[in-house]
Structures are given as structure tokens and as C-alpha cells.
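Let me begin by presenting the structure, written as C-alpha cells, before commenting on it.
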Amino acid sequence: MPLHLLKLCVGAESISDLEEWIAERQAQRRARGEPAEQLHTTRMVPKRIEEIVSGGSLYWVIKGQLSARQRLIDIRPFTDGEGIGRCHLVMEPVVVPVEPRPYRPFQGWRYLQDKDAPRDIDGGSGDLGAMPEQMRRELAELGLL
Numbered sequence: 004m005p006l007h008l009l010k011l012c013v014g015a016e017s018i019s020d021l022e023e024w025i026a027e028r029q030a031q032r033r034a035r036g037e038p039a040e041q042l043h044t045t046r047m048v049p050k051r052i053e054e055i056v057s058g059g060s061l062y063w064v065i066k067g068q069l070s071a072r073q074r075l076i077d078i079r080p081f082t083d084g085e086g087i088g089r090c091h092l093v094m095e096p097v098v099v100p101v102e103p104r105p106y107r108p109f110q111g112w113r114y115l116q117d118k119d120a121p122r123d124i125d126g127g128s129g130d131l132g133a134m135p136e137q138m139r140r141e142l143a144e145l146g147l148l
């Protein structure tokens, strides 16, 4: 059973905002001749790397709601220029909306067990997948989703 990470998506207002940011960063990397990987740098290195990269995802909390996920491909620890240990979370650039769930702010990242992860919003979610993100957000805030 995979293990996931949970992280705040600071600065993003919506899933589409996150997707635009990813596309912009990938274009910048391609322009510099770098691989078009999507990397997110974090200070702490997860200790359970094998469980995470064997099918885990990074779940994003956007504006107080667990809203989307991206599959984690790799976790690469490194030391920055100031001698501080950090890691790159390497993700697929595809953002998958999930059933919204309120989540309080926190620092860093958290582990998320697979049994506690929200389901993807896809064709199997009835009308939820066709619903605009803002409407899903409002209904979740009202406790109707």
C-alpha cells in the first residue's frame, strides 16, 4: 500500500492556478535546456522514501482544502550551497483533482496513509467531475460534499 505526502500549495488560488504554474516552470526549464521535470524543493527529507515512490502522490492543500494530487516519481536528497540538507520531490506534471476536504494550515509536509487519502474526481464520481472547482469548494465548505 503506497504512502502519500500532504503539503500546502502556498500562493495557489485554485487547481488551474497550480497547473499554470507547473506549465510555466516546465517551459522555463526547457528554455534553459534542462529536463522538463517538475520539482518541488523542501527542507525535510522523508524517511519512508521507498513507500512513497512505490505509487504514492503529493496531495496539495489549496486555500484550506485538500484539492488535488500529483504522483511522486522520485525523492532526491541534496545539500544546498549553504550546506543545508534539502530534497527535491519529483512529480508527474499531471494534476489530478480529488474530492475536496477541509484541512487546517500546517508547516512542512505530512504523511498521508492511503486509506485516508481522498478519492480522485473522475468519470466515476458522477456529476462531481463536471462541476466547476469553485462550486466544489463552496459545497465542501458548507459540508455538502
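Going by my numbering, the first residue of the sequence shown is number 4, and it counts up by one from there.
Using N, Cα and C, we set each Cβ at its ideal position, and we do this for glycine too.
Own chain partners of residue i with C-beta closer than 6 Å, once the 5 adjacent residues on each side are dropped
i, result
"Glu40", "Val93"
"His43", "Leu92"
Close beta carbons around residue i, own chain, < 8 Å, minus the five adjacent residues each side
i, result
"Ile78", "Val48, Pro49, Ile52, Ile55, Val56, Cys90, His91, Leu92 and Val93"
"Val97", "Gln73 and Arg74"
Proximity to residue i [Cα-Cα], best of the options
i, options, result
"Leu61", "Tyr106, Trp112, Trp24 and Gly36", "Trp112"
"Glu22", "Trp63, Pro121 and Tyr106", "Trp63"
"Gly67", "Asp123, Ala26, Cys12 and Pro5", "Cys12"
"Gln110", "Arg46, Ala120, Glu85 and Ser17", "Arg46"
Presumed contact (8 Å Cβ cut-off) between residue i and residue j, rounded CB distance
i, j, result
"Ser70", "Val99", "Not quite, the Cβ-Cβ distance comes to about 10 Å (not below 8 Å), so this is no contact."
"Leu9", "Leu75", "About 12 Å separates the two Cβ atoms, so there is no contact after all."
Beta-carbon proximity list for residue i, same chain, < 7 Å, skipping 5 on both sides
i, result
"Pro80", "Val48, Gly88 and Cys90"
"Glu95", "Gln73, Arg74 and Ile76"
Paired residues, beta bridge with residue i - DSSP
i, result
"Ala34", "In DSSP, Ala34 forms no bridge with anything."
"Val97", "Val97 pairs with nothing; no bridge assigned."
"Phe81", "Arg89"
Outcome for residue i when other beta-carbon atoms lying within 10 angstroms are tallied against a minimum of 16
i, result
"Gly59", "buried"
"Pro108", "exposed"
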